[in-house]
């Protein structure tokens, strides 16, 4: 699995939300990979963890939002943020069930 981050202008929020919720039962759908969004300054960042086949499909779909792959430094920052949140959440569950 590969992790990628896409950058979308926040004015395209509705288009992005429509895209993320479209056809959730299709073989290729954003709902199946559970992407995460982060808003930083007037930009939306879409974090996706999937295989290469999905990314080819997703990049075509993201053209509707004028979305593109984030710059390397932004991508690294968002991936690190998502991983830290996941680790903190996992640690929280350990405290509940431990």
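Residue numbers (this note's numbering): 3 to 100.
Idealized CB from N, CA, C, for every residue including glycine.
Since the structure is predicted, the reported quantities are computational estimates derived from the model, not experimental observations.
- Counting only runs of 3+ residues, the beta strand (DSSP E) found wholly inside the stretch 29-58 occupies 38-42, 45-52, in chain order.
- With a contact defined as Cβ atoms closer than 8 Å, residue 35 and residue 16 miss out at about 21 Å.
- Segment contact: the stretch 65-72 against the stretch 23-31, fewer than three CB-CB distances shorter than 8 Å; contact not assigned.
- Residue burial annotation: residue 5 is exposed, with fewer than 16 other C-beta atoms found within 10 angstroms of its C-beta.
- Our two residues, residue 14 and residue 29, have alpha carbons roughly 25 Å apart in a direct line.
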